[in-house]
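Per the numbering used here, the sequence shown runs over residues 1 to 289. We put the CB at the ideal spot given by N, CA and C, even for glycine. Right, one structure below, let's go through it.
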Amino acid sequence: MLEQLPHIIMNHVEYTYPNGTIALKDISLNISRGEFIGIMGSNGAGKSTLVKTLNGLIRPQNGLIFINGENNNSKTIAELSKKVGIVFQNPDHQLFSNSVREEIRFSLKAIIDDKESLQEKVDEVLDKFYLKEFENRSPLTLSGGQKKRLALASVICRDPEILIFDEPTLGQDRNGVEFFINLLKKEQNNHKTIIIITHNIEFSYEFIPRTILMFDGKIAGDGPTREILQNKELMERTSLILPQIIQLRTSLLEMGLKVPLNISTQEEMIDFFITIFTSSINDNHMEEN
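Shown next as structure tokens:
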């Protein structure tokens, strides 16, 4: 029965901060188990507030939220945190132990009682996230990328069924982004529901299947990512820019090149240029003959 229900249901959810700022306005959506979702929007659109309602950090004044068919209002933050793991944008906001090893150990203590099993699991997590060489260092002494990995490890090791990442690619170099992408693929294979808050248009366009676009506390768009992010009117209305590949396609069309409208990836654009180049060489060769 639970497998047939959406993993997450939000019905007419609303939230206003104590200072009077209205953050969420009549939010309703369903997210299926195992879905990979992106949440996008300009600053102040309500993205972070929305995900904080899922693990109880924020309790909406109106509306209902269900996870696995169970009302969030009947659950404590501790209960919800076992189901919903959030990796915040700034890792300093969730790292507080004296050493890297102790950070992982603290997270795992919530799910492992046996001391020997606990130590083995700590070692396994440190190896998986390439943190073993830093295990005795304070998290405060780590680089930005290392802190991000530690924050990821401290949440994922608890094995929550819903994983939420706030700006996971921000400040990451190429290796850091590739590590994160590979990590996501593994978690998807484990049937985790994944939600990513991001401003990274190119990352979303390439990797995220479904995007929820927020503006002024409301859902402005919800659907396949490439349809949402190619919608010029919608993107302008929500103060976002089109993906680079779509901007390039538009510029080429304005220059008079007959670019197929179904081109939407770098690979397809490269193939198009190769076709034009090859055709041009063949035409010149025929003229010379």
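For Thr238, the CB contacts under 7 Å within the same chain, skipping 5 residues up- and downstream, are Gly41, Ser42, Leu213, Phe215, Ala220 in chain order. Remark: C-beta atoms of Met10 and Ile27 approach each other more closely than 8 Å.
Here Ile77 is near Asn55, since their CB atoms are less than 8 Å apart. In this structure, Ile111 sits away from Leu126, with a CB-CB distance that is not shorter than 8 Å.
For Ile196, no alpha helix (DSSP H) encloses it; the enclosing beta strand (DSSP E) starts and ends at 193-197. Contact check for Tyr17 against Pro60 fails: the beta carbons are separated by 8 Å or more.
A Cβ-Cβ distance of about 7 Å is found for the pair Leu229 and Ser204, placing them in contact under the 8 Å criterion.
About 5 Å separates the beta carbons of Thr169 and Asn200, which is inside the 8 Å limit, making them a contact pair.
The beta-bridge partner set that DSSP reports for Leu64 consists of Asn11. Asp92 counts as exposed, since fewer than 16 other beta carbons sit within 10 angstroms of its beta carbon. In the DSSP assignment, Ser138 falls outside any beta strand (DSSP E), carrying neither H nor E. Of the candidates Arg33, Ile8, Glu79, Ile8 places its Cα closest to the Cα of Leu50. With contacts defined by Cβ atoms closer than 8 Å, Glu202 and Pro260 do not form a contacting pair. When DSSP states are grouped into helix, strand and coil, Ala23 belongs to the strand group. Residue pairing from DSSP places Arg210 in a beta bridge opposite Ile37, Pro224.
Within the segment 70-105, the beta strand (DSSP E) runs of at least 3 residues that lie entirely inside it are, in chain order, 84-87. The DSSP-derived three-state label of Thr16 is strand.
Looking only at Ile31, Ala23, Glu135, the smallest Cα-Cα distance to Lys192 is reached by Ile31. Taking the C-beta atoms as reference points, Leu131 is found no nearer than 8 Å to Val155. Contact annotation: Gly217 and Gly20 have beta-carbon atoms that are not nearer than 8 Å. Excluding residues up to 5 positions away in sequence, Val87, Ile196 lie with their Cβ nearer than 6 Å to the Cβ of Phe165 in the same chain. For Asp123, there is no enclosing beta strand (DSSP E); the enclosing alpha helix (DSSP H) has its first and last residue at 115-128. Rounded to whole angstroms, the Cβ separation of Lys147 and Gln172 is 11 Å, and the two are not in contact under 8 Å.
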